[in-house]
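A.B. asks: Before I ask anything, here is the structure I am working with.
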Amino acid sequence: MMQNKTQEAISYYMGIDVGTASVRAAVIDQFGAVVAQAEEPVQIWEPVPDHYEQSSDNIWAACCKVAKKVGQKVDGRHIRGLGFDATCSLVVLDKQFHPLPVNYEGESHRNVIMWMDHRASRQVDRINRTKHSVLSFVGGVMSVEMHPPKLLWLKENLRESCWDKAGHFFDLPDFLSWKATGVLTRSLCTLVCKWTYSSSQGWDDSFWELIGLEDFVMENYTKIGNQVLSPGAPVGNGLTADAAKDLGLPEGIAVAASLIDAHAGGLGVIGADVKGHNLPCENQPITSRLALICGTSSCHMGISENPIYVPGVWGPYCSAMVPGFWLNEGGQSATGKLIEHVVYGHAAYPELQSKARASGQSIYTYLNSHLDQIKKSLPLGFLTVDLHVWPDFHGNRSPLADLTLKGMVVGLTLSHSLDDLAVYYLATIQGIALGTRHILETMQAAGHRISTLFLCGGLSKNSLFVQMHADITGMPVVLSREVESVLVGAAILGACASGDFASLQETMNRMGRIGNVVWPSQQDRRFYDKKYRVFLKLAEHQREYKAIMHSS
């Protein structure tokens with residue numbers, strides 16, 4: 026680490042993470058330890074199915090609240106840098122930077138189309154039918170969760186109330202760095218991953234003209250960004266006076282070019298020192314690691330020295346997460362959200378709630394211990410020998426890239442007992458882990474050489490979820506010492522921007538720290554190989570059913 030004037034004092038960095046349902050902030054020291062943390066919920070509107078909206082004013086107010094809370098825990102003079110990450114949601118402002126409505130009701134405070142909003146399914150179909158060359162960098166098929174289809178939807182549906190008045194379209198992480206610095210520069214991460222920008226070629230005029238958004242070309246891309254920085258690079262002159270007052274931080278501290286939330290999680294874990302754990306990735310290139318960030322949804326981050334084109338997996342994106350490396354990003358649109366859906370919607374949920382409360386445990390800790398009680402002499406995973414779940418209740422992001430796929434459950438009975446709920450919960454977690462195996466095998470077949478999983482995010486706190494991922498993929502799972510790796514990743518950006526470290530890679534190595542390692546149970550491998558064969562059949566059968574029903 027470079028010397029600074031206060032070398033005897035500890036340096037601190039702040040990370041602010043805007044997730045789906047809340048904003049979190051943490052102060053992290055130069056060794057990667059979380060010193061203080063706070064969380065504040067943010068509002069979500071769902072006016073009609075598949076439309077999910079938020080408010081950028083509400084989000085910024087929550088950022089200010091949590092930043093002030095955690096900033097009070099340390100001497101503010103020693104906070105050296107600030108980094109933001111956020112969901113890849115679309116923020117719309119007018120030419121005076123006021124919010125514009127992204128809804129039919131004309132509610133201008135609801136000016137954010139959330140990442141999980143699927144309103145633009147028709148638009149993304151049209152975009153995919155163009156077969157334009159930029160689609161080769163998103164696995165061959167653009168997702169409805171990316172921004173071009175959402176922008177096209179706004180032009181076609183809210184022309185007068187939104188599109189014609191719009192002055193700025195931001196990815197949420199870039200909106201936050203603009204609020205903090207007053208600078209319109211975008212992050213390479215957001216533009217490359219969600220907007221079709223090329224780190225070497227820039228914008229492709231022919232793509233925007235072909236899909237009917239030639240407006241951006243004519244305006245030299247001023248509305249969506251024509252100045253770009255690598256993640257972790259310092260933005261402008263740091264924190265403005267107004268933002269410093271809002272956040273309770275010193276004016277002028279370094280603010281980093283931001284990251285999408287999953288990428289921040291990847292940054293927080295993938296570069297950690299693993300010496301002494303006897304892991305297959307030890308003494309191997311960082312490309313042998315896959316970062317799995319699992320919360321409401323899950324993202325699978327693999328990097329390579331050269332571009333690898335993986336069917337149905339986003340990327341390859343140059344320098345979108347780690348400078349100098351190409352990123353491939355697999356994903357599952359609903360994981361934590363699916364587990365909640367299954368558990369909360371079951372007839373035995375009230376019984377589970379009361380028993381968990383009485384035992385002083387969370388519902389998931391209680392379910393995990395209940396499964397241990399009912400498994401008898403068999404391995405716990407074998408409870409689902411006759412129950413199989415295809416987990417795409419919100420479409421398949423990877424590796425099939427098929428928005429129309431639905432969830433499937435095979436093996437239901439008339440029982441609605443707590444035992445039944447526990448086994449259904451287990452089968453759902455297994456279905457998610459089998460989906461991860463499906464993504465992994467597709468990436469490996471295309472040329473990735475992955476040997477170790479690095480897990481972070483909310484679901485990494487669930488021991489059953491972690492063990493099933495180890496058992497079903499057959500790979501060891503490394504957990505971060507700091508559970509909140511996404512916040513660590515955001516703080517790493519701030520540390521990099523401060524100039525206290527020589528490079529982003531050095532910052533990752535110093536501040537990313539590993540905790541437990543969970544090893545796969547090799548004796549259960551044959552059982553999970555059979556489950557995986559059934560898993561693949563479920564998708565095959567669903568497509569057959571659809572073909573029958575749509576045949577003439």
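Per this note's numbering, numbering through the sequence shown is continuous, rising by one, with the last residue being 577. Don't be surprised by glycine CBs; every beta carbon is placed ideally from N, CA and C. As the structure is a computational prediction, the values presented were derived from the model and not from experiment.
So, for G337: in the same chain, excluding its five sequence neighbours on each side, which residues have a beta-carbon less than 6 Å away from its beta-carbon?
C.D. replies: Taking the sequence shown and counting its residues from 1, the one referred to as residue 337 is at position 312. Here the set comprises G164, S423, P424, L425, A426.
A.B. asks: List the residues that DSSP assigns as beta-bridge partners of D150.
C.D. replies: Counting from 1 along the sequence shown, the entry for residue 150 is found at position 125. Answer by DSSP bridge pairing: none, since D150 is not bridged.
A.B. asks: So the alpha helix (DSSP H) H172 belongs to, where does it begin and stop?
C.D. replies: Position 147 of the sequence shown holds residue 172. Its alpha helix (DSSP H) spans residues 172-182.
A.B. asks: Once DSSP output is grouped into helix, strand and coil, what is the label at M27?
C.D. replies: Locating residue 27 in the sequence shown gives position 2, counting from the first residue. Unreliable positioning characterises M27 in this predicted model, as indicated by a pLDDT of 45, which lies under 50. The coordinate reading is nonetheless provided below. Residue state, collapsed to three classes: coil.
A.B. asks: Would T31 be called buried (16 or more neighbouring beta carbons within 10 Å of its own) or exposed?
C.D. replies: For the purposes of this step, residue 31 is taken as residue 6 along the sequence shown, with counting starting at 1. In this predicted model, T31 has a pLDDT of only 41, less than 50, meaning its place in the structure is not dependable; the value taken from the coordinates is given anyway. The residue is exposed, with fewer than 16 neighbouring Cβ atoms inside 10 Å.
A.B. asks: Once DSSP output is grouped into helix, strand and coil, what is the label at F195?
C.D. replies: As a first step, residue 195 must be located in the sequence shown, where it is residue number 170. Correct three-state label for F195: strand.
A.B. asks: Report the three-state DSSP secondary structure of I364 (helix, strand or coil).
C.D. replies: Position 339 of the sequence shown, counting from 1, holds the residue named residue 364. When DSSP states are grouped into helix, strand and coil, I364 belongs to the helix group.
A.B. asks: Check whether the Cβ atoms of K556 and H395 lie closer than 9 Å to each other.
C.D. replies: Counting from 1 along the sequence shown, the entry for residue 556 is found at position 531. Counting from 1 along the sequence shown, the entry for residue 395 is found at position 370. Not a contact, by the Cβ cut-off of 9 Å.
A.B. asks: I need the straight-line Cα distance from Q28 to A282, nearest angstrom please.
C.D. replies: Here residue 28 refers to the residue found at position 3 when the sequence shown is read from its first residue. Here residue 282 refers to the residue found at position 257 when the sequence shown is read from its first residue. Its pLDDT being 44, under 50, Q28 is placed unreliably in this model, and the value from its coordinates should be taken loosely. Between Q28 and A282, the C-alpha separation is close to 23 Å.
A.B. asks: Smallest Cα separation from A495: which of I464, F526, S546?
C.D. replies: Residue 495 sits at position 470 when you count from the first residue of the sequence shown. Comparing Cα positions, the closest option is S546.
A.B. asks: Any chance the region 459-476 sits against the region 509-517, with 3 or more Cβ pairs inside 8 Å?
C.D. replies: no
A.B. asks: Would you be able to state if there are at least three C-beta pairs under 8 Å between the region 104-111 and the region 515-534?
C.D. replies: yes
A.B. asks: Return the chain-ordered list of same chain residues with a C-beta closer than 7 Å to the C-beta of V67, the five sequence neighbours on each side being excluded.
C.D. replies: Counting from one through the sequence shown, the residue named residue 67 turns up at place 42. A46, S47, V48, Q79, N83, I84, A87, listed in sequence order.
A.B. asks: Please state whether the Cβ-Cβ distance between L484 and G237 is less than 9 Å.
C.D. replies: On the sequence shown, position 459 is the one that residue 484 refers to. On the sequence shown, position 212 is the one that residue 237 refers to. Going by C-beta atoms, L484 is not nearer than 9 Å to G237.
A.B. asks: Is the beta carbon of I578 less than 9 Å from the beta carbon of L315?
C.D. replies: Only positions 26 to 577 of the chain appear in the structure, and residue 578 is not among them; the question remains open.
A.B. asks: Assuming L377 and L392 are in contact, meaning their beta carbons sit under 8 Å apart, how far apart are those beta carbons, in whole angstroms?
C.D. replies: As a working note, residue 377 is residue 352 in the sequence shown. As a working note, residue 392 is residue 367 in the sequence shown. So it is a contact: roughly 7 Å between Cβ atoms.
A.B. asks: Note down, in chain order, each residue of its chain lying with its Cβ closer than 6 Å to the Cβ of S523, except the 5 sequence neighbours on either side.
C.D. replies: Counting from 1 along the sequence shown, the entry for residue 523 is found at position 498. R105, G106, A279.
A.B. asks: First and last residue of the beta strand (DSSP E) that includes D119?
C.D. replies: Within the sequence shown, numbered from 1, the residue matching residue 119 stands at position 94. It spans 115-119 - the beta strand (DSSP E) in which D119 sits, taken as one unbroken run.
A.B. asks: Any chance you could list the beta strand (DSSP E) runs of at least 3 consecutive residues sitting entirely within the region 62-127, in chain order?
C.D. replies: 104-111, 115-119
A.B. asks: Verify whether the separation of the beta carbon atoms of L317 and V542 is less than 9 Å.
C.D. replies: Numbered from 1 along the sequence shown, position 292 holds the residue referred to as residue 317. Numbered from 1 along the sequence shown, position 517 holds the residue referred to as residue 542. No; because the gap between Cβ atoms is not below 9 Å, this pair is not in contact.
A.B. asks: So, is R135 buried or exposed, given that buried needs 16 or more other C-beta atoms within 10 angstroms?
C.D. replies: By 1-based counting over the sequence shown, the position of residue 135 is 110. When all chains shown are included, R135 counts as buried.
A.B. asks: For a test of the three-state rule: what should DSSP assign to C324, helix, strand or coil?
C.D. replies: Counted from its first residue, the sequence shown places residue 324 at position 299. Of the three classes helix, strand and coil, the one that applies to C324 here is strand, per DSSP.
A.B. asks: Given the structure, does Q398 come close to the ligand GTP, in the sense that its CB is under 8 Å from one of the ligand's heavy atoms?
C.D. replies: For the structure depicted, the ligand GTP is absent and the ligand set is empty, with no information on it obtainable.
A.B. asks: In terms of residues, what are the limits of the alpha helix (DSSP H) holding L377?
C.D. replies: Indexing the sequence shown from 1 puts residue 377 at position 352. First-last of the alpha helix (DSSP H) with L377: 374-384.
A.B. asks: Which residues in the same chain have their Cβ closer than 6 Å to the Cβ of S229, if we skip the five residues on either side of it in sequence?
C.D. replies: Numbered from 1 along the sequence shown, position 204 holds the residue referred to as residue 229. The residue asked about is misnamed: residue 229 is Asp in this sequence, not Ser. Excluding residues within five positions, the ones whose Cβ falls inside 6 Å are V159.
A.B. asks: Under a Cβ-count criterion, where at least 16 other Cβ atoms within 10 Å of its own Cβ denotes burial, should N331 be classed as buried or exposed?
C.D. replies: Looking up residue 331 in the sequence shown gives position 306. N331 should be labelled exposed.
A.B. asks: So is G291 buried or exposed if we call it buried at 16+ other beta carbons inside 10 Å?
C.D. replies: Walking along the sequence shown from the start, residue 291 turns up at place 266. By the neighbour-count rule (16 or more Cβ atoms within 10 Å), G291 is buried.
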